[in-house]
Amino acid sequence: MESTQAGQCPAGFGKTALADMSLSNPAIGAQPTAFYQAMRTEDPVHYDDKLGMWLVSRYDDIVTVLRDPLTYSDKHGYAAQYASGFFAEFKEILERDGGGFFADAIKDDPPGHTRVRRLLDKAFTAHRVATLEPGITRIITDLIEQLADKAAGGQVVDGVNDFAIPLTISVICEQLGLAQFNAGKIQRWSSAVTAQIGRMQNREQMLENAAQICDLQNFIIAEMKAREAQPREDMISDLVHATLDDGSKLEFGEAVSLVRALIIAGNDTTATAIGNLLFVLATRPEVAKTLQESVDDDRLMNRFVEELLRIEPPVRGLAKMTTKEVELGGRKLPKDAHLLVLYASGNDDETQFACPRDFDLNRSNISKHVAFGVGVHRCVGASLSRMEIKVAAREIVRRISDIKLAIPVDQIRYQPTVAVRSIEKLPLTFRRRG
Ligand code: HEM
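Following this note's numbering, the residues of the sequence shown are numbered contiguously, the last one being 442.
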């Protein structure tokens, strides 16, 4: 979240200054609003020299890309991004120590994508997600009560590492059927996988991350083997034994990649959103007040979740690649142009969202944001994460008040990756409601 005042627009930079800027610059990555706005105004499909990628910044162009998955390939964009600069060595390590290199089955293009996607859609229907709400509410209230005890003892609480991360890890592990999970390990595995699309790791970090991913895959493979022999009532068993709509079975490597994707995608992103929720409550007292007054109004709570995802989308940018020469946003792109689709800039586009830095629960188009993407690759876990965020917001507001940052706002640090914008640590103080 940035310090730009509500309704104020940052000054444009001009094309020349833009040419010197990069999303890989940690200062810009941490506070990117002005950069996004300058791109949208001056150079909407902008070549970031240091990243070697075309940044797609305007809402309309983003939607054009996402609605045409054959021209803008997810599979090739992702592959070109993955373990960038170290792919051959990374793959060799996984084949040697991690049971194999398993390409992400869900990051395929249609029709391969359609085959696997139908299976995941069935696992995350809105109806199934609704049945999970009571269990998730229990996980959330237990965690809030633990935090409230800590805060009552005068301790500063970390909203990200003591709350958001353990919460989302518990939820996804329960879904997958991983009762005996080690939250610290899952967090390290998640960061290691996310770093592969983050474009910021050096070789030493790649080696460390590859070792973590080997550990993750060996864990997943052991869990899958146990269910091959003896199915249980959980999502890993469903994937191991799944028959697809075309009558085919998932290959073992495809199933490993799907379990891996669910552990990671279901964890980091929602945890980031819940960290952002706490940040908003701590820094925008007027929003905290409205939420407190409306906590029993389900419609308003839903709108709150949408506006939170719009104003601070956890996934800021993912890669696609052109499969032919094409014109986008007035720019001719060659075949194999590597794009970074900036969902975060789309959500900030003033031609779609008036005063985009205002947290406005009355927007007429509040659900038009692209935080979950659009089209065939639209987030599988959108219903689940919306529910998690809503329950977290509701129970936080019911149980605690006076949430405040325990450090100055300019000391908040973000994970160094171009794919997500996640707060690293969020020291907070608050009071338990009497
Ligand atoms: C606030 C939380 C979340 C956000 C912001 C988010 C965002 C996204 C985005 C932007 C995409 C890519 C869309 C595209 O390619 O254009 C995506 C895809 C995906 N998400 Fe999420 N996600 C969240 C939570 C989850 C959860 C909880 C799960 C699973 C339990 C999940 C699983 C997936 C999967 C499997 C894909 C790939 C879908 C495909 O390519 O067909 N996500 N998500």
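Idealized CB from N, CA, C, for every residue including glycine.
Pairwise C-alpha distance: residue j and residue i
{"i": "GLN423", "j": "ARG429", "result": "7 Å"}
{"i": "ILE411", "j": "ARG440", "result": "10 Å"}
{"i": "LEU266", "j": "LYS130", "result": "14 Å"}
{"i": "PHE438", "j": "ASP116", "result": "45 Å"}
{"i": "GLY120", "j": "ILE205", "result": "21 Å"}
{"i": "GLU396", "j": "PRO174", "result": "13 Å"}
{"i": "ARG406", "j": "ALA159", "result": "16 Å"}
{"i": "PHE132", "j": "ARG268", "result": "16 Å"}
{"i": "LYS58", "j": "ILE319", "result": "27 Å"}
{"i": "CYS387", "j": "LEU413", "result": "31 Å"}
{"i": "PRO293", "j": "ARG75", "result": "38 Å"}
{"i": "ALA362", "j": "HIS385", "result": "27 Å"}
{"i": "ASP418", "j": "ALA35", "result": "11 Å"}
{"i": "MET309", "j": "SER372", "result": "15 Å"}
{"i": "LEU350", "j": "ILE415", "result": "29 Å"}
{"i": "GLU432", "j": "ASP254", "result": "43 Å"}
{"i": "ALA25", "j": "ARG240", "result": "58 Å"}
{"i": "LYS376", "j": "ASP69", "result": "14 Å"}
{"i": "LYS83", "j": "GLY161", "result": "50 Å"}
{"i": "TYR86", "j": "PHE287", "result": "30 Å"}
{"i": "LEU252", "j": "ARG136", "result": "19 Å"}
{"i": "TYR80", "j": "GLY283", "result": "32 Å"}
{"i": "GLN163", "j": "THR41", "result": "33 Å"}
{"i": "TRP29", "j": "PHE94", "result": "For the record, residue 29 in the displayed sequence is Met; it is not Trp. If I take the Cα positions, the gap works out to 24 Å."}
{"i": "GLU100", "j": "ILE420", "result": "37 Å"}
Residue j beta carbon less than 8 Å from that of residue i
{"i": "LYS328", "j": "VAL165", "result": "no"}
{"i": "ARG211", "j": "SER92", "result": "no"}
{"i": "THR145", "j": "VAL399", "result": "yes"}
{"i": "LEU341", "j": "GLU333", "result": "yes"}
{"i": "LEU151", "j": "ALA290", "result": "no"}
{"i": "LEU369", "j": "LEU270", "result": "no"}
{"i": "ILE244", "j": "GLU262", "result": "no"}
{"i": "ASP56", "j": "LEU31", "result": "yes"}
{"i": "CYS194", "j": "ASN275", "result": "This sequence places Ile at residue 194; Cys is not what is there. Cβ distance < 8 Å, so ILE194 and ASN275 count as in contact."}
{"i": "ALA427", "j": "THR202", "result": "yes"}
{"i": "ARG402", "j": "VAL303", "result": "yes"}
{"i": "GLY354", "j": "VAL378", "result": "yes"}
{"i": "LEU317", "j": "ALA281", "result": "yes"}
{"i": "VAL382", "j": "VAL179", "result": "no"}
{"i": "ASP246", "j": "ARG66", "result": "no"}
{"i": "PHE140", "j": "ALA250", "result": "Looking at the sequence provided, one finds Leu at residue 140 rather than Phe. Not in contact: LEU140 and ALA250 (Cβ atoms no closer than 8 Å)."}
Close-in-space but distant-in-sequence residues of the same chain around residue i (CB under 6 Å, 5 per side omitted)
{"i": "ALA38", "result": "TYR422"}
{"i": "TRP197", "result": "GLN220, LEU224"}
{"i": "GLN209", "result": "ALA203"}
{"i": "VAL53", "result": "TRP62, VAL64, LEU336, GLY337, ARG339"}
{"i": "GLN89", "result": "ILE205, ALA327"}
{"i": "GLN360", "result": "TYR67"}
Other residues of its chain near residue i: CB distance less than 7 Å, five sequence neighbours each side excluded
{"i": "GLU6", "result": "Residue 6 is absent from the structure shown; the chain starts at 9 and stops at 442."}
{"i": "ALA113", "result": "VAL124, GLU262, SER265, LEU266"}
{"i": "ALA156", "result": "ARG407, ILE408, ARG440"}
{"i": "GLY107", "result": "GLN225, ASN226, ILE229"}
{"i": "GLN300", "result": "VAL405"}
Best match in the options for proximity to residue i [C-alpha to C-alpha]
{"i": "GLY442", "options": "ILE229, LEU434, ILE408", "result": "ILE408"}
{"i": "LEU186", "options": "GLY143, PHE109, ASP242", "result": "ASP242"}
{"i": "ALA138", "options": "ASP157, ARG324, ALA390, ALA27", "result": "ALA390"}
{"i": "ARG311", "options": "VAL349, PHE367, ARG324", "result": "PHE367"}
{"i": "THR167", "options": "THR330, SER199, ILE148, GLU182", "result": "Note on residue identity: the sequence assigns Gly, not Thr, to residue 167. The shortest C-alpha separation from GLY167 is found at ILE148."}
{"i": "SER393", "options": "GLU314, GLY383, MET214", "result": "GLU314"}
{"i": "PRO321", "options": "LEU299, MET309, PRO364", "result": "PRO364"}
{"i": "LEU285", "options": "PHE361, TYR67, HIS385, ALA172", "result": "ALA172"}
{"i": "PRO142", "options": "ASP170, GLY162, GLU182, GLN154", "result": "GLU182"}
{"i": "ALA200", "options": "LEU336, LEU102, PRO239, PHE287", "result": "LEU102"}
{"i": "GLU216", "options": "ASN169, ARG240, ASP105", "result": "ASP105"}
{"i": "GLY192", "options": "ASN169, LYS83, GLN360", "result": "ASN169"}
{"i": "GLU259", "options": "THR331, ALA218, ALA111", "result": "ALA111"}
{"i": "MET47", "options": "ALA279, LEU348, ILE420, LEU434", "result": "LEU348"}
{"i": "LYS343", "options": "PHE94, TYR44, LEU78", "result": "LEU78"}
{"i": "PHE109", "options": "ALA218, ASN33, GLN188, GLU153", "result": "ALA218"}
Cutoff 8 Å: residue i Cβ touching any chain B Cβ
{"i": "PHE110", "result": "Within the model displayed, chain B is absent; a lone protein chain is all it includes."}
Contacts around residue i, its chain only, beta-carbon distance under 8 Å, and the 5 residues preceding and following it disregarded
{"i": "GLY60", "result": "HIS346"}
{"i": "LYS297", "result": "none"}
{"i": "GLN13", "result": "In this predicted model, GLN13 has a pLDDT of only 41, less than 50, meaning its place in the structure is not dependable enough to derive any value."}
{"i": "ALA27", "result": "ASP57"}
Cβ-heavy atom distance, residue i to the ligand NAP, below 7 Å
{"i": "ASP410", "result": "Of the ligands one can find in the structure shown, namely the ligand HEM, none is the ligand NAP."}
For this session: Taking only runs that begin and end inside the stretch 59-123, name each unbroken alpha helix (DSSP H) of 4 or more residues, in chain order.
Result: 67-74, 82-89, 95-105
Exercise. Counting only runs that start and end within the stretch 167-197, where is the alpha helix (DSSP H) found for 4 or more residues in a row?
Worked result: 173-184
Exercise. Residue ranges of each beta strand (DSSP E) run of no fewer than 3 residues wholly in the stretch 336-405, ordered along the chain?
Worked result: 339-341, 346-350
Problem set entry | Minimum length 4: unbroken alpha helix (DSSP H) runs contained in the stretch 204-248 | 211-237, 243-248
Problem set entry | Inside the stretch 243-281 only - alpha helix (DSSP H) runs reaching at least 4 residues | 243-248, 260-273
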